[in-house]
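Below you can see the structure in the form of structure tokens.
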């Protein structure tokens with residue numbers, strides 16, 4: 037109790053909390069985009085339920101991992117090394133093949149994201165894609181589709197949760213601050229899930245943009261698994277710029293549609 041009161045009276049602790057909340061919300065965007073795209077593959081009456089379950093699993097996963105911080109930190113210890121090192125860049129190797137359990141989890145998550153995004157892009161551009169027997173094909177049984185969606189959300193929740201908790205560990209040593217930041221960030225995800233998913237569902241071009249984001253995130257996870265550090269600021273700045281451009285495109289299309297509707301209404 038005394039420790040909590042000390043934290044409440046510490047400006048540094050409040051600054052760390054605000055910073056960590058912002059970081060956790062930003063990191064949660066990746067998780068939220070994936071959940072939104074996947075839940076939109078389900079029948080409309082099941083989408084909200086899938087999003088709630090997916091985000092709840094993300095919260096449970098993060099809180100469970102916070103109780104095992106020592107184990108989480110241990111995931112960064114090298115497990116094996118293939119002995120391959122990339123050329124030096126700014127005094128550091130461009131990549132390396134010394135893998136920890138964290139690296140292997142990021143590698144698996146990155147490959148899964150790239151596979152999933154590529155599959156969904158193929159379905160979007162190929163009119164015959166729905167006959168390929170994909171696991172999330174709407175022609176399959178609804179129960180099987182819902183289960184597949186939840187399993188895939190759970191797998192990505194594990195990857196994003198480990199990345200999220202390791203970020204929290206690197207920013208503060210106070211577990212109490214980590215708990216509050218995680219709960220606040222996941223609560224924001226919970227409120228943002230439905231509006232984001234509905235917006236993506238209403239705008240087909242946004243779906244393609246979001247799938248492009250998932251491809252990029254998958255490549256970043258793979259790069260980090262090989263020890264290549266990619267500044268997250270660059271990634272999220274690129275995502276924000278692309279989203280802003282797409283927002284202008286949507287605005288322009290709607291303005292043209294309104295103008296066309298008025299012109300057709302005025303025509304004799």
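Residue numbers (the working numbering): 37 to 304.
Every residue gets a Cβ at the ideal spot worked out from N, C-alpha and C, and that includes glycine.
Quick caveat, the model's predicted, so the values are computed rather than measured.
Just measuring C-alpha positions, the residue of 136, 79, 96, 95 sitting nearest residue 115 is 136. In summary, residue 293 is exposed, with fewer than 16 beta-carbon neighbours lying within 10 Å of its beta-carbon over all protein chains present. Sequence-distant Cβ neighbours of residue 63 in its own chain, meaning closer than 6 Å and more than five residues away, are 200. Using a Cβ-Cβ distance cut-off of 8 Å, the region 253-268 and the region 138-151 are in contact, since at least three pairs of beta carbons, one from each stretch, lie closer than that value. Counting of Cβ neighbours within 10 angstroms places residue 181 among the buried residues, the total reaching 16 or more.
Comparing alpha carbon positions, the residue from 94, 247, 299, 82 closest to residue 192 is 94. Between the alpha carbons of residue 111 and residue 186 lies a gap of roughly 25 Å.
Counting the other Cβ atoms within 10 Å of the Cβ of residue 75 gives 16 or more, which makes it buried. Around residue 272, the same chain offers 62, 65 as residues with beta carbons nearer than 8 Å, after the five sequence neighbours per side are excluded. Per DSSP, the continuous alpha helix (DSSP H) segment holding residue 241 begins and ends at 240-261.
DSSP lists no bridge partner for residue 196.
Excluding its 5 nearest sequence neighbours in each direction, residue 109 has C-beta neighbours in its own chain below 7 Å: 205, listed in chain order.
CA-CA distance, residue 118 to residue 263, rounds to 13 Å. Taking 8 Å as the cut-off, the beta carbon of residue 266 is found closer than this to the beta carbon of residue 259.
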